[in-house]
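Have a look at the structure below, then the notes.
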């Protein structure tokens with residue numbers, strides 16, 4: 017289990033969420049702040065997440081720019097750079113290749129508020145991570161399978177990426 021004191025998890029306060037210390041100026045439509053929501057691909061999961069992001073934007077009175085990179089890390093890099101150039105007030109990103117995107121993410125974090133979601137980049141300077149430990153979730157699923165099939169049996173596992 018992740019220890020909140022190990023530097024991989026940050027408690028985000030209301031003050032943090034309302035801060036624009038990392039961003040130079042607010043992207044304004046009226047007085048609304050603008051945030052970017054960047055996924056790690058295009059899939060039905062992300063279509064549902066987009067609907068949630070748009071609803072949250074409406075509920076909290078902000079604008080949201082949703083970006084879904086169709087072709088991997090280079091597309092995601094371009095999208096992040098575009099959002100930074102547009103001077104958004106914050107970006108939530110699910111890094112496609114966190115180990116190799118640390119420098120990019122740190123560059124983004126220097127210019128705007130940055131959090132990761134779904135896929136973390138613990139070595140980056142992001143404010144925090146929103147998501148779960150896939151390792152712990154996998155262990156829990158394994159325990160449920162063992163309980164459901166105590167004498168063994170066949171099953172199929174679906175994964176997003178094999179690494």
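Numbering (my numbering), first residue to last: 17 to 179.
Idealized CB from N, CA, C, for every residue including glycine.
Inset, instruction - For the alpha helix (DSSP H) containing residue 154, list its first residue and its last residue. - result: 150 to 164
Inset, instruction - Could you name each continuous alpha helix (DSSP H) segment of 4 residues or more that falls completely within the segment 49 to 94, going from the start of the chain to the end? - result: 60 to 76
Inset, instruction - Report all residues from its chain with a CB closer than 6 angstroms to the CB of residue 55; omit the five preceding and five following residues, and keep chain order. - result: 62, 84, 110
Legend entry - Other residues of its chain near residue 51: CB distance less than 8 angstroms, five sequence neighbours each side excluded: 73, 78, 79, 80, 81, 104, 105, 106, 107, 108
Inset, instruction - Label residue 71 either buried or exposed according to how many other C-beta atoms from any shown protein chain fall within 10 Å of its C-beta, with 16 as the threshold for buried. - result: exposed
Inset, instruction - Kindly identify the DSSP beta-bridge partner or partners of residue 106. - result: 51, 129
Legend entry - Check whether residue 150 and residue 118 have beta carbons under 7 angstroms apart: no
Inset, instruction - Measure the C-alpha to C-alpha separation of residue 162 and residue 173 and round it to an integer number of angstroms. - result: 14 angstroms
Legend entry - Given residue 141 as reference, the closest of 130, 148, 93, 135 once Cα atoms are compared: 130
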